[in-house]
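If you use this note's numbering, the sequence shown corresponds to residues 325 to 777, in order. First up is the structure itself, then whatever we jot down about it.
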Amino acid sequence: MTDFYTRLIAGVVFPLQERLKGHDTVAVRRELEESQWWPRARLEALRLARLRVLLQQAYRHVPYYRQVFDEAGMADGAIDALSDLQKLPLLTKALIRANSENLKSTQARGLSRFNTGGSSGEPLIFWIGKQRVSHDVAAKWRATRWWGVDIGDREAVVWGSPIELGAQDRLRVLRDRLMRTQLLPAFEMSEAKLDEFIASLRRARPRMVFGYPSSISVIARHAAARAQRLDDLGCKVVFVTSERLYDHQRAVIEQAFACPVANGYGGRDAGFIAHQCPAGGMHITAEDIIVEIIDEAGQVLPVGQAGEVVVTHLATGDFPFIRYRTGDVATLDDRGCSCGRGLPLLKEIQGRATDFVMAADGTLMHGLSLIYVIRDIAGVENFRIVQESLRETSVQLVTNRGFADENIRHIERGLQQRLGAEVKVRVERVAHIPREASGKYRYVMSRVTAGNS
Numbered sequence: 325m326t327d328f329y330t331r332l333i334a335g336v337v338f339p340l341q342e343r344l345k346g347h348d349t350v351a352v353r354r355e356l357e358e359s360q361w362w363p364r365a366r367l368e369a370l371r372l373a374r375l376r377v378l379l380q381q382a383y384r385h386v387p388y389y390r391q392v393f394d395e396a397g398m399a400d401g402a403i404d405a406l407s408d409l410q411k412l413p414l415l416t417k418a419l420i421r422a423n424s425e426n427l428k429s430t431q432a433r434g435l436s437r438f439n440t441g442g443s444s445g446e447p448l449i450f451w452i453g454k455q456r457v458s459h460d461v462a463a464k465w466r467a468t469r470w471w472g473v474d475i476g477d478r479e480a481v482v483w484g485s486p487i488e489l490g491a492q493d494r495l496r497v498l499r500d501r502l503m504r505t506q507l508l509p510a511f512e513m514s515e516a517k518l519d520e521f522i523a524s525l526r527r528a529r530p531r532m533v534f535g536y537p538s539s540i541s542v543i544a545r546h547a548a549a550r551a552q553r554l555d556d557l558g559c560k561v562v563f564v565t566s567e568r569l570y571d572h573q574r575a576v577i578e579q580a581f582a583c584p585v586a587n588g589y590g591g592r593d594a595g596f597i598a599h600q601c602p603a604g605g606m607h608i609t610a611e612d613i614i615v616e617i618i619d620e621a622g623q624v625l626p627v628g629q630a631g632e633v634v635v636t637h638l639a640t641g642d643f644p645f646i647r648y649r650t651g652d653v654a655t656l657d658d659r660g661c662s663c664g665r666g667l668p669l670l671k672e673i674q675g676r677a678t679d680f681v682m683a684a685d686g687t688l689m690h691g692l693s694l695i696y697v698i699r700d701i702a703g704v705e706n707f708r709i710v711q712e713s714l715r716e717t718s719v720q721l722v723t724n725r726g727f728a729d730e731n732i733r734h735i736e737r738g739l740q741q742r743l744g745a746e747v748k749v750r751v752e753r754v755a756h757i758p759r760e761a762s763g764k765y766r767y768v769m770s771r772v773t774a775g776n777s
């Protein structure tokens with residue numbers, strides 16, 4: 325049951341804040357909560373209408389897209405069907421970097437500068453307008469309400485982005501206190517810090533925990549090792565995002581917090597793409613996002629086949645993201661969800677393209693095939709696998725006293741069985757494996773898929 329304070333924040337304080345910022349978040353969320361129940365045909369009609377508006381605005385006011393549309397023979401950005409998107413070229417990080425100013429709408433005012441952390445090796449600076457902020461916040465708001473959590477409910481955020489952590493001025497601290505949001509920085513996960521995090525969680529008793537699955541699973545395992553309970557906090561859901569969610573992480577988190585884990589998929593650049601509902605469906609934010617799945621040649625794949633995720637964000641008129649290559653690999657699902665929502669589904673989110681590895685014979689496989697070799701070995705506390713080339717793979721291990729030295733040879737053999745007997749596997753025991761600058765953690769990285777073999 326929602327308490328009075330939550331109703332006050334969600335119904336009065338937050339809407340007032342958004343209005344003062346010039347955001348339409350509240351109205352957009354209400355529209356999304358109605359449209360999520362529409363049948364597919366009505367949703368598709370809405371998307372087509374919004375896509376037409378976006379393309380026409382881009383043609384008239386965005387210098388980069390005026391040239392692109394003219395070259396594609398699409399005067400004024402006119403289209404007849406969603407499939408006409410395929411006439412346009414793909415948008416890449418390199419193109420955005422090279423055309424940053426020409427991608428800004430001449431009508432845009434008050435743009436905010438954003439950047440990605442560059443986990444793929446390609447950091448990106450881009451710009452976001454108020455319309456997009458409103459729609460992205462509204463999409464997340466709708467999704468958390470699926471789980472019975474509202475703005476103003478107590479929330480713990482396990483995060484590491486420099487944008488959030490660099491903004492902790494007095495106003496931000498006051499706002500977080502008002503919204504009952506507590507930030508636990510994911511940059512440092514030492515034992516002392518983990519003890520502090522657990523103590524903070526026990527004091528705050530959040531209804532929702534939000535953050536990276538790798539960080540939250542580390543907290544969960546640490547709590548179990550310390551015999552510290554997290555299952556009595558009254559947490560309704562743990563909402564994870566920004567990294568691939570592995571099955572073992574979901575199991576550890578759900579056991580520790582005694583509540584479901586809800587997977588969220590998106591990014592600063594691509595927007596809030598999809599979120600898991602209580603019935604298990606990974607629903608695309610279809611009112612704002614068009615998802616295409618493409619092969620290595622850039623051709624759209626049929627539903628059910630895995631490929632790279634390409635996103636068109638319909639609320640990005642100020643700085644358009646049209647057919648933007650995310651670098652992620654996923655599969656669309658044409659089935660409906662038992663929850664009854666008409667929103668289309670993602671069947672599987674496999675991770676970034678650089679989370680895949682290539683065997684010496686050219687076979688492409690997911691990094692999970694290597695993770696399984698190491699994950700359950702006794703005494704392994706953490707690890708990272710880096711495929712340096714087709715001929716060499718390195719492994720960093722953080723171990724404790726329970727690790728037996730003969731397991732190093734077991735790891736070498738296991739990886740060679742998957743990658744090729746001729747592959748050199750270097751295993752190094754280290755005291756600590758640093759996270760990326762954003763605070764995220766990646767178990768597997770491949771430099772081969774980035775073009776080095």
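Backbone N, C-alpha and C fix where the C-beta goes; we use that ideal spot for every residue, glycine too.
Item	Value
Are there three or more Cβ pairs, one per stretch, closer than 8 Å when the stretch 334–353 is compared with the stretch 457–477?	yes
Just checking: is the beta-carbon of residue 730 within a distance shorter than 8 Å of some beta-carbon in chain D?	Considering every chain present, this structure includes no chain D. It has just one protein chain.
Reducing DSSP to helix, strand and coil, say where residue 506 ends up.	strand
Provide the residue(s) that pair with residue 603 in DSSP beta bridges, ordered along the chain.	For residue 603, which the question treats as bridged, DSSP gives no partner whatsoever.
Please state the DSSP three-state secondary structure of residue 767.	coil
On a Cα-Cα basis, can you pick out the residue from 502, 537, 497 and 632 that is closest to residue 510?	537
Hey, residue 455 and residue 385: beta-carbon distance below 8 Å or not?	no
Using only the alpha-carbon positions, how far apart do residue 442 and residue 591 sit?	The pLDDT assigned to residue 442 is 48, lower than 50, so where the model puts this residue is not dependable; a value taken from the coordinates is nonetheless given after this. Straight-line Cα distance between these residues: approximately 12 Å.
Does the stretch 515–535 come within contact of the stretch 550–567, defined as at least 3 CB pairs closer than 8 Å?	yes
By the 10 Å Cβ neighbour count, where 16 or more other Cβ atoms means buried, how is residue 686 classified, buried or exposed?	exposed
On the criterion of 16 or more Cβ atoms from any shown chain inside 10 Å, does residue 492 qualify as buried, or is it exposed?	In this predicted model, residue 492 has a pLDDT of only 47, less than 50, meaning its place in the structure is not dependable; the value taken from the coordinates is given anyway. Residue 492 should be labelled exposed.
Provide the residue(s) that pair with residue 637 in DSSP beta bridges, ordered along the chain.	613
Assign residue 318 to one of two classes, buried (16 or more other C-beta atoms within 10 Å of its C-beta) or exposed (fewer than that).	No information on residue 318 is available, as it lies outside the stretch 325 to 777 that the chain covers here.
Could you spell out the range, first to last residue, of the beta strand (DSSP E) harbouring residue 650?	648–657
Is the beta carbon of residue 703 less than 8 Å from the beta carbon of residue 726?	yes
Give the DSSP-derived three-state secondary structure of residue 451 in the structure shown.	strand
Pop quiz: residue 334 and residue 500 are said to be a contact at Cβ under 8 Å. What is the actual Cβ separation, rounded to whole angstroms?	Residue 334 to residue 500, Cβ: 16 Å. No contact.
Would you call the CB atoms of residue 406 and residue 375 closer than 8 Å?	yes
Looking at C-alpha atoms only, which residue of 720, 381, 757 and 540 is the closest neighbour of residue 751?	720
Tell me, to the nearest whole angstrom, how far the beta carbon of residue 482 is from that of residue 535; I am working on the premise that it is less than 8 Å.	3 Å
Please report the residue range of the alpha helix (DSSP H) in which residue 547 lies.	537–549
Could you round the C-beta distance between residue 707 and residue 452 to whole angstroms and report it? I think they count as a contact, below 8 Å.	Going by Cβ atoms, the distance from residue 707 to residue 452 rounds to 36 Å, so no, they are not a contact pair.
Just mark residue 696 as buried or exposed, buried being the case when its beta carbon has 16 or more other beta carbons within 10 Å.	exposed
Check whether the stretch 362–371 touches the stretch 609–624, counting contact only when three or more Cβ pairs, one atom from each stretch, lie closer than 8 Å.	yes
Are three or more beta carbon pairs between the stretch 571–581 and the stretch 593–606 nearer than 8 Å?	no
Count the other CB atoms, across all protein chains shown, that sit within 10 Å of the CB of residue 628; report buried if there are 16 or more and exposed otherwise.	exposed
Please list, in chain order, all residues of the same chain as residue 383 whose beta carbon is under 7 Å from its beta carbon, the five residues on each side excluded.	389, 390, 393, 400 and 401
Just to confirm my understanding: we take residue 428, look at its own chain, exclude 5 residues before and 5 after, and list those with CB closer than 8 Å. What are they?	386, 435, 451, 642 and 643
Alpha carbon to alpha carbon, what distance is there between residue 733 and residue 681?	21 Å
Check residue 392 in the structure and name its three-state DSSP category.	helix
Taking the straight line between their C-alpha atoms, what separation do you get for residue 465 and residue 548?	31 Å
Among the candidates 771, 339, 379 and 731, whose CA atom is the shortest distance from the CA of residue 712?	771
With DSSP as the reference, label residue 342 as helix, strand or coil.	helix
Using CA coordinates, which residue listed in 476, 636 and 583 is at the minimum distance from residue 561?	583
From residue 656 to residue 616, what does the alpha carbon distance come to, in whole angstroms?	8 Å
Taking the straight line between their C-alpha atoms, what separation do you get for residue 749 and residue 718?	6 Å
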